[in-house]
Amino acid sequence: MMKFNPKSKFLKLQNKLVFLGIVMLFFIATDVKAQVINSPNKQLVLTFELKNGVPQYQLVYKGKAVIKPSTLGIEVVNHPSFMDGFVISDSKEDSVDNSWKPVMGEVKTIRNHYNELLVTLSQPTLNNRFIRLRFRLFNDGLGFRYEFPKQKDLNYFIIKEEHTEFNLAGDHKIFWIPGDYDTNEYAYTTSKISEIPNLMEEATAFISAQWPIKNLAVQTPSMMKSSDGLYINIHEAALINYPAMSLNVDAENFRMSSHLTPDAVGNKGYIQTNAQTPWRTIVVSDKATDILASKLILNLNEPTAYEDVSWIKPVKYIGIWWEYFVAGKSTWAFGTETNVKLEDDFSKLTPNGKHGATNERAKAYIDFAADNGFNAVLIEGWNVGWEDWIGNWKENVFDFVTSYPDFDVNAIHEYAASKNVKIMMHHETSGSATNYERRLDRAFQFMKDNGYNSVKTGYVGQIIPRGEHHDGQWMVNHYIHVAERAADYEIMINSHEAVRPTGLNRTYPNWIAQESARGTEFEAMGGLAPEHTTILPFTRLMGGPMDYTPGIFQTDLTYYNTGGQQRVNTTLVKQLAYYVTMYSPLQMAADIPDNYDRFPDAFQFIKDVAVDWDNSYILEAEPGDYITIARKTKGKNEWFVGGVTDENSRTATVPFSYLPKGKEYLATIYSDAKDASWDKNPQAYTIKKALVNSKSLLKQYMAPGGGFAISIKEATPSELKELKKL
38 MMKFNPKSKF LKLQNKLVFL GIVMLFFIAT DVKAQVINSP NKQLVLTFEL
88 KNGVPQYQLV YKGKAVIKPS TLGIEVVNHP SFMDGFVISD SKEDSVDNSW
138 KPVMGEVKTI RNHYNELLVT LSQPTLNNRF IRLRFRLFND GLGFRYEFPK
188 QKDLNYFIIK EEHTEFNLAG DHKIFWIPGD YDTNEYAYTT SKISEIPNLM
238 EEATAFISAQ WPIKNLAVQT PSMMKSSDGL YINIHEAALI NYPAMSLNVD
288 AENFRMSSHL TPDAVGNKGY IQTNAQTPWR TIVVSDKATD ILASKLILNL
338 NEPTAYEDVS WIKPVKYIGI WWEYFVAGKS TWAFGTETNV KLEDDFSKLT
388 PNGKHGATNE RAKAYIDFAA DNGFNAVLIE GWNVGWEDWI GNWKENVFDF
438 VTSYPDFDVN AIHEYAASKN VKIMMHHETS GSATNYERRL DRAFQFMKDN
488 GYNSVKTGYV GQIIPRGEHH DGQWMVNHYI HVAERAADYE IMINSHEAVR
538 PTGLNRTYPN WIAQESARGT EFEAMGGLAP EHTTILPFTR LMGGPMDYTP
588 GIFQTDLTYY NTGGQQRVNT TLVKQLAYYV TMYSPLQMAA DIPDNYDRFP
638 DAFQFIKDVA VDWDNSYILE AEPGDYITIA RKTKGKNEWF VGGVTDENSR
688 TATVPFSYLP KGKEYLATIY SDAKDASWDK NPQAYTIKKA LVNSKSLLKQ
738 YMAPGGGFAI SIKEATPSEL KELKKL
């Protein structure tokens with residue numbers, strides 16, 4: 038007969054109770070009341086909850102849906118995914134209100150004010166493996182990210198895809214470029230979300246080194262406007278050790294979702310805990326001007342990584358550059374040969390007679406820079422290898438230290454130093470990041486030895502390591518490595534063809550600017566639509582300053598007798614306005630010096646305009662249509678105003694309320710002539726002077742494809758007598 042064992046029966050009962058407790062905890066946590074936080078001004082509301090173990094969020098602005106309930110999760114390759122089966126094991130709220138000063142920027146001080154919700158999500162069936170979701174709600178939008186703390190059962194994993202949804206509230210108007218792993222240099226298309234499928238083929242017209250995403254996708258920053266007047270911008274912040282995000286588009290349901298750039302074997306990212314993703318950002322307002330004024334993306338980046346930043350300075354420069362594209366006067370290459378190797382004797386090449394980077398040309402540009410107050414001269418094509426640099430997927434193209442026979446590095450350095458001008462180095466990698474990394478320290482030491490303190494890097498072509506992409510995790514880490522290594526040599530970086538920026542100029546302020554969009558050179562390669570630069574500040578520039586290379590005065594390129602019919606699709610005055618509307622602490626006067634000599638009165642604005650600011654005032658804006666911005670020079674009582682329009686003429690309203698009260702100021706107004714237009718009469722302009730004060734209001738005409746520019750300074754007693762108020 039079996040003996041009764043009360044202890045055994047008690048243990049069975051206890052186990053059942055523990056099991057029931059776990060089940061009850063699961064259901065309680067699953068159905069837990071949604072967690073809600075408000076922005077500091079109470080106008081934005083974030084709601085987070087679990088639905089059947091799946092994380093979900095939504096965002097509302099002034100009672101209007103911005104993001105409808107949208108799921109969150111990450112699918113992995115070598116472990117169970119972070120998609121479902123979650124319970125909320127902890128949540129915390131916090132509020133932060135402080136300020137910080139950027140090394141360079143649009144404003145002297147940035148306020149960092151947000152309410153935070155930090156949710157810890159556990160997976161009971163996976164030994165309580167857990168992740169965290171961190172939400173920060175600012176007055177101008179939302180940032181959130183996934184965090185992977187160090188823990189016993191989570192060390193390394195591979196991301197198959199991130200499944201972050203942005204379930205939009207309607208068929209918004211959207212300003213977009215196609216999703217692509219390798220280039221950002223597409224023209225913008227404006228359409229409804231539902232119209233994207235029918236427009237994608239045309240929008241993906243071939244450009245260099247493209248790799249369009251196979252499924253329907255667009256790039257970030259993605260700018261939208263809803264039918265009920267909300268402006269919505271989706272992007273990311275602090276892209277570090279992670280691939281860049283594009284957005285899959287469900288055009289029928291107006292739903293977007295994250296699409297990460299893969300590597301050579303198809304994986305999206307390699308993660309070792311402790312780690313986190315970049316922030317996913319949603320900037321929103323019912324005023325377009327608020328979008329341009331937002332500092333949310335900068336606020337989500339870490340403070341500067343350097344103790345000493347005294348060597349990081351704004352730069353206004355000219356360069357041997359534009360003539361390569363349109364003038365037909367010169368080339369990057371020295372020789373006529375097309376099959377060269379770095380070990381070849383380049384002094385034995387047959388000169389092509391059009392090499393641009395000669396001692397004579399360099400000295401002429403240095404003289405022009407010194408005479409007109411420019412900090413630096415960029416010289417492209419100074420180094421050997423340009424005869425065979427593109428299209429061959431070749432690894433060892435450049436060594437970044439050996440000059441052509443007609444360019445004397447030491448002599449040019451000494452000549453520039455005697456004129457108090459810096460030479461800006463050019464490192465075109467032709468996409469061979471492996472070659473560049475191997476030679477990086479030697480190249481930077483060469484720069485240091487020869488007085489270079491800034492470099493323009495380039496990544497034209499397919500990436501080496503072969504199979505990697507410009508926007509993949511490997512290259513994201515490469516760009517940051519270059520910036521960090523450059524800082525060791527006190528060198529500033531201006532990267533072209535790199536991944537689009539995400540506010541990392543806060544953390545790495547020597548990463549002074551990037552291109553990463555369709556810039557001025559495309560005016561010589563098919564042209565840019567007049568609306569292009571009314572869109573870029575709402576898209577590409579949301580992530581950081583752009584080396585757009587403005588200042589082209591000779592807008593009709595047939596002037597150079599090259600046989601082409603191409604033209605620059607702006608008025609001359611609109612080119613002046615770019616120095617204010619297209620923010621960058623690195624600004625180029627991109628035209629050849631001869632053209633500035635032809636228009637000295639207009640060139641005066643480029644000489645005068647600042648590149649670093651105490652404050653900025655977004656006066657009026659509408660993406661794709663117009664922008665008007667005023668800025669105060671850092672440390673000076675000087676202000677500059679710029680306005681641009683699309684292909685339509687319009688009249689801008691320009692207040693001066695930001696001027697100190699009770700004083701008169703001299704305004705020099707550069708404007709399109711009445712008969713000016715981007716296509717028929719682009720060089721027609723007028724310049725007038727007037728007195729303004731804080732109560733003045735200007736109605737300023739802009740021609741089709743045109744703009745205006747204003748410089749403002751304190752008026753002298755004689756100027757006060759001569760001029761009347763507006």
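Residues 38 to 763 (the working numbering) make up the sequence shown, in order.
Virtual Cβ for every residue (Gly too), placed ideally from N, Cα, C.
Member of the options whose CA lies at the smallest distance from the CA of residue i
i: residue 209; options: 358, 270, 605, 757; result: 270
i: residue 569; options: 94, 743, 753, 391; result: 743
i: residue 481; options: 528, 450, 448; result: 528
i: residue 459; options: 403, 682, 302; result: 403
i: residue 250; options: 259, 143, 218; result: 218
i: residue 635; options: 567, 591, 740, 522; result: 591
i: residue 132; options: 124, 654, 149; result: 149
i: residue 179; options: 137, 236, 335, 287; result: 335
i: residue 154; options: 75, 141, 87, 112; result: 75
i: residue 314; options: 366, 77, 275; result: 275
i: residue 536; options: 375, 278, 659; result: 278
i: residue 85; options: 117, 129, 115; result: 129
i: residue 656; options: 690, 671, 628, 640; result: 690
i: residue 328; options: 748, 572, 428, 142; result: 572
i: residue 474; options: 487, 508, 326, 518; result: 518
i: residue 388; options: 401, 407, 367; result: 367
i: residue 504; options: 468, 161, 495; result: 468
i: residue 749; options: 726, 661, 759; result: 726
i: residue 623; options: 646, 419, 188; result: 646
Contact check, residue i vs residue j, beta carbons under 8 Å
i: residue 666; j: residue 617; result: yes
i: residue 121; j: residue 90; result: yes
i: residue 293; j: residue 203; result: yes
i: residue 677; j: residue 731; result: no
i: residue 7; j: residue 434; result: The requested residue 7 is not part of the displayed model; the chain covers only 38 to 763.
i: residue 710; j: residue 721; result: yes
i: residue 576; j: residue 258; result: yes
i: residue 543; j: residue 341; result: yes
i: residue 686; j: residue 740; result: yes
i: residue 488; j: residue 520; result: no
i: residue 493; j: residue 533; result: yes
i: residue 415; j: residue 461; result: yes
i: residue 83; j: residue 174; result: yes
i: residue 246; j: residue 220; result: yes
Where residue i sits in the DSSP three-state scheme
i: residue 760; result: coil
i: residue 59; result: Residue confidence for residue 59 is low, a pLDDT of 41 falling below 50, so the modelled location carries little weight and cannot support an answer.
i: residue 334; result: helix
i: residue 310; result: coil
i: residue 612; result: helix
i: residue 725; result: strand
i: residue 511; result: helix
i: residue 316; result: strand
i: residue 244; result: coil
i: residue 562; result: coil
i: residue 65; result: Residue placement at residue 65 cannot be trusted, given a pLDDT of 38 that sits under 50; what the coordinates show is reported in the next sentence. Here residue 65 sits in helix by DSSP.
i: residue 484; result: helix
i: residue 445; result: coil
According to DSSP, residues forming a beta bridge with residue i
i: residue 352; result: 623
i: residue 249; result: 217
i: residue 400; result: Note: residue 400 sits in no beta bridge, so no partner.
i: residue 126; result: Bridge partners of residue 126: none, in fact.
i: residue 426; result: Looking at the DSSP assignment, residue 426 forms no beta bridge with any residue, so it has no partner.
i: residue 236; result: According to DSSP, which records beta bridges pairwise, residue 236 is partnered with nothing at all.
i: residue 708; result: 723, 745
i: residue 680; result: 665, 745
CB contact check: residue i to chain C, cutoff 8 Å
i: residue 621; result: The displayed structure is made up of one protein chain only, and chain C is not part of it.
Point to revise | the stretch 664-682 touching the stretch 611-631, judged by at least three CB pairs closer than 8 Å | key: Output reads yes: the stretch 611-631 touches the stretch 664-682.
Check your understanding: Does the count of Cβ pairs from the stretch 366-380 and the stretch 308-322 closer than 8 Å reach three?
Key -> When Cβ pairs closer than 8 Å are counted between the two stretches, the stretch 366-380 is seen not to touch the stretch 308-322, the count staying below three.
Point to revise | Cβ pair count under 8 Å reaching 3, the stretch 104-123 against the stretch 188-204 | key: With contact defined as three or more Cβ pairs closer than 8 Å, the stretch 104-123 and the stretch 188-204 are in contact.
Review point. Is the stretch 581-599 close to the stretch 546-553, with three or more CB pairs under 8 Å?
Key: yes
Practice item. Report yes or no: do the stretch 443-455 and the stretch 386-401 share at least 3 C-beta pairs separated by less than 8 Å? Key: yes
Review point. Can we say the stretch 590-610 touches the stretch 553-563, given the rule of at least three CB pairs closer than 8 Å?
Key: Touching, yes, given that three or more Cβ pairs across the two stretches are closer than 8 Å.
Review point. Is there contact here, the stretch 229-242 with the stretch 298-311, by at least three beta-carbon pairs under 8 Å?
Key: no
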